[in-house]
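Inspection log for the structure reproduced underneath, given as structure tokens.
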Amino acid sequence: MLPALTTVDLIKLALVGPLFFMLAPVAGIILKDRPAWQRIVFAAMCFMTINGLLEPGNWGLTIGSIESYRGHTKGYHFYFNHALAIALIVAKWREDSKSFRWLPPGLGWYLLYCGISLLSITNAPDKDFAIMAAHKSIFASLLLIATFNTLRTEDDLKFFLRVMVYTILWELFVCLKMKYFAGMYQVHGTFEHQNPLAMYAVLIGMLFLAVGFGPTFKDANKMLFGFIACAVIIECTLSRGALVMFGLGTIGVTGLSLAEKVTPRRLVITSVLGILGSIGLVLAIDTIIGRFNDQGNEASGQLREVMKDACREMVHDHALGIGWNNYALVVNPPYRYAEIYFDWDRSRNMRPNYDAPNGVVESHYYLLLAENGYAGLAAWLTVIAVGLWRNFRTFIFFKHSFLRCLALGIAAGCALNYFQSTLERVLVQPRNLMLWLILAGITARLDVLRREAKHQKVIPNNK
């Protein structure tokens, strides 16, 4: 079921098939038993989550593109790093099919969420939009499978962190270029908007901080440098929510790290980061205060409530949701939910603009409630709860170690993103979804390492 295909779409479709379903598997066969090459491909897969070099890009092929649509999915998109994921999956499967897992821990819950969400297609005014969202979400799970089966040892996990440090440093270069050479007030980097960039930096920044605080290893100081780069990026975005989340996350990870074990290194790092943070705050305080005092904040808050009212009306009418990726469609005429927006305009003595499209609700959870219904929201909450529980178990099981700190960093970064998702829907955006699924793959690997370590401890006692 596809929208009317243009000549350009047909050309793209002719490219997608060979690239994703022929060349990628062949590349996987070539990569078999070549760990150095596999690392290069994996690094490229991770770097391409930023989806742009010096500005927002579109590293992939989109069939049935509807760029004018304001929903979170605008076509059937095949990202190039998904092809790299397929190559890695084939390589690892051919190397050792017995240890290879097509369904890593947590993936089943995520696919169940996708399946439940797709049930909303029964109410969708445009069923193509719903299938587009399902395609994007399910296809992105290739990154989770590739990550889980590629990263098997502590050294592999450290390699991932090095890759992400270099990725963030490149993003920092782009942000500084935009801020000081292009004169941007709120910098968006290679992302389409500053808020997704800021939340991406919060998510990975907590990993850098937690691991940098941990036991010393070759790249421990590099992790802290990556954390500082994330802080600068967030300051460049001037995203109010991210500024608060990053500050709270830094305090939380620092406090938990010191509570877990006080070491001279942690005390020194805490002091240095405190000094650097104070200097940075002094330099940027006027800009930050100005951002929090922006005119229009009150109207923006009122509009958020209007959007939530529309969501409540949708789920009241359709318990399974109005249709995945259909919110941006039904809040415009001729659908009745548009009147909720127009009534708000009239209450402010403003004439509604019937020609301009109405905005999409910014809360991820209300968007899920409206589009995917009660069951879809419950399924998503289960997915994130299971992931956090797995990281918590890993943190509790391993003593003072790299793996324990990594679990803490993932849990902190994800928790902050989940909390900020009450205001932002970025986890449905491709770049943020990609990074989140990669971290979900690492969470699954940490859980397996925990089980293996627990098993090794039990077996000797049973002899």
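With numbering that gives the first Met the number 0 applied, the sequence shown has no gaps in its numbers, which climb one by one up to 462 at the end.
Ideal Cβ placement from N, Cα and C applies to all residues, glycine included.
In the DSSP assignment, ILE85 falls within the unbroken alpha helix (DSSP H) covering 79-94. The C-beta distance from ALA369 to ILE339 rounds to 12 Å, too long to meet the 8 Å contact threshold. Membership of THR61 in the beta strand (DSSP E) is indicated by the continuous run 59-62.
With 16 or more other Cβ atoms inside 10 Å of its own Cβ, ASN50 counts as buried. Counting the other Cβ atoms within 10 Å of the Cβ of ASP316 gives fewer than 16, which makes it exposed. The Cβ atoms of ARG389 and ASP446 sit closer than 7 Å to each other. Scanning the stretch 201-282 from its first residue to its last, the whole alpha helix (DSSP H) runs of 4-plus residues come out as 219-236, 239-259. For ASP344, the uninterrupted alpha helix (DSSP H) segment begins and ends at 337-346. Under the DSSP assignment, LYS11 falls in the alpha helix (DSSP H) whose first and last residues are 6-17. Selection GLN455, LEU434, GLU423 evaluated against GLY300 yields GLU423 as nearest (Cα-Cα). For VAL252, the closest C-alpha among the options LEU118, CYS413, ARG93 is that of CYS413.
For TRP36, the uninterrupted alpha helix (DSSP H) segment begins and ends at 34-46. Membership of ASP155 in the alpha helix (DSSP H) is indicated by the continuous run 153-179. Taken through DSSP and simplified to helix, strand or coil, TYR353 comes out as coil. DSSP places HIS76 within a strand segment (E or B) once states are collapsed to three. When the Cα atoms are used, ILE137 and VAL261 turn out to be separated by approximately 43 Å. For ARG239, the closest alpha carbon among the candidates THR215, ALA197, GLU259 is that of ALA197. A direct Cα-to-Cα measurement between PRO356 and MET349 gives close to 16 Å.
Around the beta carbon of GLU170, a 10 Å sphere encloses 16 or more other beta carbons of the protein chains shown; the residue is thus reported as buried. By the neighbour-count criterion, in which 16 or more other beta carbons inside 10 Å mark a residue as buried, GLN37 falls on the buried side. For MET183, no alpha helix (DSSP H) run applies, since DSSP gives it neither H nor E. Assignment of TRP323 by DSSP, reduced to helix, strand and coil, places it in the coil class.
Ranked by Cα distance from VAL231, the first of ARG265, LYS217, ASP354, GLN193 is GLN193.
Nearest to LYS178 by C-alpha distance, out of PHE159, CYS235, ALA219, THR146, is CYS235.
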